[in-house]
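For the sequence shown, position 8 (counting from the first letter as 1) is numbered 8 according to our numbering, and the numbering increases by one without interruption.
In this text, a Cβ means the ideal position worked out from N, Cα and C, and glycines have one as well.
Here is the structure we will look at.
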Amino acid sequence: MKIAVVGTGYVGLVTGTCFSETGNTVTCIDIDARKVRKLSSGEITIYEPGLEHLFQRNLKEGRLRFTTSLVDGISDAQIIFLALPTPPGKDGAADLSYVLGVADELGNLLDDYKVIVDKSTVPVGTADKVREVIARKYKGEFDVVSNPEFLREGVAVDDFMKPDRVVIGTRSERAQRLFRELYAPFVRQGNPVLFMDERSAELAKYAANAFLATKISFMNEIARMCELLGADVDMVRRAIGSDERIGKRFLFPGIGYGGSCFPKDVQALARSAAEVGYPFRILESVMHVNESQKVYLVPKIMDYFKGRLQGRKIALWGLAFKPNTDDIREAPALYIIEALLAEGVHVHAFDPEAMPNVRQLLGDRISYGTDQYSVLEDADALIIATEWSVFRTPDFEKMDAAFAQKVIFDGRNVFEVPQMQALGYYYESVGRQPAAILD
Ligand code: UDX
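Structure (structure tokens):
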């Protein structure tokens, strides 16, 4: 099939590359000429494990190409995916100006039947708006489909190639036929392609993310209860996760969810609920809990140092909002850094991938280590904000040599409490009793 993808951000690039991998011819379109030049010359612009290899292969074999020209990019495409940014606009509502702007241009450019697909997470009713905008100028036949993505950063290629389900929102049989063919290679292992109306598809995406965010915030509150009641959240998590109705996944407490989806989508769903006159109370609480969870380690650190943080050096492992990505959008680490800087702390950070992005944002307001051990030298304490696997299995001898104070505040529970107790650390984590330094 011939496909166009408008927008070469994270979703667009993964979508375009994976569709070319199954033999389609894909043209990706972006207004950013520098980016298009880079991509055309084989330089990938995002960090996503496993993507580069597919990108290079399909580029070389001519199934994947990049252009700045919308007219050129869509000319022979049967399906046009819109993978455009929908940043939170005023009052948390998603800003649709990019999506509707391209829809307007498409109204001028269409000349035969094509399917236009909303791939970005967009508020319920957007497919109708896109259809209206195109139909103002183009009087021929076309369809607008909602096909939300459920990709997780770090495992996006796998999520795309082996989806749990594919949601297709369209009532047009012609569009359904095209999508059945397009997605056939991805659902061979038996997972469903679910056809539904556009609005249900749009809402399904928000509902999925909001539900997962709720699960996390719920566990973060249970973790707080564990600390106060002398229980252990790992035990509680295992006990409840064994119930298939609850499930084992997404029950890990920590310092809150971040990233480009959960915060934005929870806010947008709460906002659209308010717009239709329904106060979505659970989501209000989820957002509230997450805000406080992001900086939840700071009062603990404050207590440990009896309120005297001024001039201290604190090491920070992890800046990305989660492992295997360089993405720092809504990363809890950034909120912790701001809170510590406000107390006069010197922050020395290390992250395997995200340091360039943080340097761009914060410059030399903090300092950056060359590896995870160098930041520990002279540090009064270590905070762990992202559970990269290199942090889970450090060389403890190296760590001991660099880190005389042996005080850890772990926001991601990467170590076991007895292990740290035995190694002689003061160790506080989330939802578990602290390990004290043995005299
Ligand atoms: C998410 C959705 O999973 C994906 O389906 C959607 O398309 C986009 O948003 P992503 O933001 O890449 O994907 O990350 P994900 O792995 O879902 O984690 C989101 C956040 O939740 C991270 O900050 C992570 O640290 C946190 N999290 C996750 C927890 O705190 N506890 C958990 O048990 C799981």
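Does any heavy atom of ligand 1 sit closer than 6 Å to the C-beta of residue i?
i    : result
E291 : no
C18  : no
I222 : no
L319 : no
F211 : no
I216 : yes
Y257 : yes
L151 : yes
F262 : yes
F252 : yes
K322 : yes
By the DSSP assignment, the beta strand (DSSP E) with residue i in it spans what residues?
i    : result
V5   : 2–6
K139 : Element bounds for K139: n/a, residue is neither H nor E.
G169 : 166–169
K313 : 313–317
T370 : Looking at the DSSP string, T370 is not in any beta strand (DSSP E), and its letter there is neither H nor E.
G28  : Per the sequence shown, residue 28 should be read as Cys rather than Gly. 25–29 is the extent of the beta strand (DSSP E) around C28.
E428 : 426–428
A381 : 381–384
T67  : 64–67
F55  : Segment 51–60 is the alpha helix (DSSP H) holding F55; no beta strand (DSSP E) there.
F391 : Where F391 is concerned, there is no enclosing beta strand (DSSP E), although the alpha helix (DSSP H) it sits in stretches over 389–392.
V347 : 346–350
F195 : 193–196
For residue i, does the count of other Cβ atoms within 10 angstroms reach 16, so buried, or fall short, so exposed?
i    : result
E21  : buried
S217 : buried
A127 : buried
Q419 : exposed
L266 : Going by the sequence as given, residue 266 is Val instead of Leu. Classification of V266: buried, given that the 10 Å Cβ count is 16 or more.
D112 : exposed
D439 : Per-residue confidence for D439 stands at a pLDDT of 49, beneath the threshold of 50, marking its modelled position as unreliable; no derived number is given.
E48  : buried
Indicate whether residue i and residue j have their beta-carbon atoms separated by less than 7 Å.
i    : j    : result
L316 : I328 : no
K313 : H288 : no
R131 : V145 : no
L251 : M219 : yes
F81  : T8   : no
A210 : P253 : no
V193 : V166 : yes
I3   : I116 : no
C28  : F66  : yes
L382 : I408 : yes
G259 : K248 : no
L297 : G411 : yes
A83  : S120 : yes
A270 : A333 : no
State yes or no: is the beta carbon of residue i nearer than 7 Å to at least one beta carbon in chain B?
i    : result
T370 : Looking for chain B here will not work: only one protein chain is present.
Going by DSSP, what residue range makes up the alpha helix (DSSP H) through residue i?
i    : result
I301 : 297–304
A266 : It is Val, not Ala, that sits at residue 266 in the sequence shown. Run containing V266: 262–275, per the alpha helix (DSSP H) assignment.
C415 : Here residue 415 turns out to be Phe, not Cys, going by the sequence shown. First-last for F415: undefined, no H or E at that position.
I240 : 233–241
I74  : 70–74
>> Just to confirm the assignment: which complete beta strand (DSSP E) runs, minimum length 3, are found wholly within the region 102–131?
In response: 115–118
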